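In the numbering used here, the protein residues as written are 22 to 203.
Shown next, in structure tokens, is the structure this report addresses.
This is how it looks when you write it as structure tokens:
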């Protein structure tokens with residue numbers, strides 16, 4: 022188990038989002054090539070090129086929104102982890118070393134519109150934490166928290182009720198996740 026790597030990954034984007042992102046990225050690339058080509062051939066349209074460059078930046082931002090996903094990598098062998106934002110093969114994120122894992126917690130944050138977002142945190146090194154993930158669904162948040170706590174062989178804390186935190190009996194949670202009990 023010491024050389025194990027854990028990857029908790031966001032769900033894949035729907036095909037329509039990937040399709041839209043690819044169209045947007047293609048249009049941004051064509052526009053960028055047009056800007057470069059025309060800037061060297063016709064310097065008098067330099068101002069138009071600057072304005073078009075802003076459009077390219079906006080298109081890339083929109084394309085990124087439609088195609089990124091978040092993943093968490095935990096390297097048990099070297100006792101480190103990282104959160105990444107991924108766009109295709111590009112992964113942005115830095116490794117962080119952990120000296121002692123303590124527990125995983127799941128809690129919720131209320132949103133302005135009345136909904137809640139559930140956060141999964143890894144607590145380590147005497148009261149430090151790393152936000153691993155956010156989910157809109159409590160069941161999915163607890164499933165991710167459970168999986169991480171099982172791999173790391175640490176406890177799972179239910180902190181969804183303010184001032185009433187409790188460690189979860191993971192054997193009961195496993196049965197619920199597997200549909201053995203309701």
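Even for Gly, the Cβ is constructed at its ideal location relative to N, Cα and C.
Note that the structure is predicted; figures quoted are calculated from it, not measured.
Item, Value
"Among 153, 57, 33, 94, which has the Cα closest to the Cα of residue 87?", "33"
"Using CA coordinates, which residue listed in 157, 153, 192 is at the minimum distance from residue 114?", "153"
"Rounded to whole angstroms, how far is the Cβ of residue 125 from the Cβ of residue 53, which I believe are closer than 8 Å?", "The Cβ separation is near 43 Å, so there is no contact."
"Assess contact between the stretch 126 to 141 and the stretch 160 to 177, defined as three or more Cβ pairs (one per stretch) separated by less than 8 Å. Is contact present?", "yes"
"Quick check on the DSSP output: the beta strand (DSSP E) that includes residue 130 runs from which residue to which?", "122 to 131"
"Can you give me the C-alpha to C-alpha distance between residue 76 and residue 49, rounded to a whole angstrom?", "8 Å"
"Measuring CA to CA, which of 136, 145, 170, 175 is closest to residue 159?", "136"
"So residue 144 is in the beta strand (DSSP E); what residue range does that whole segment cover?", "137 to 145"
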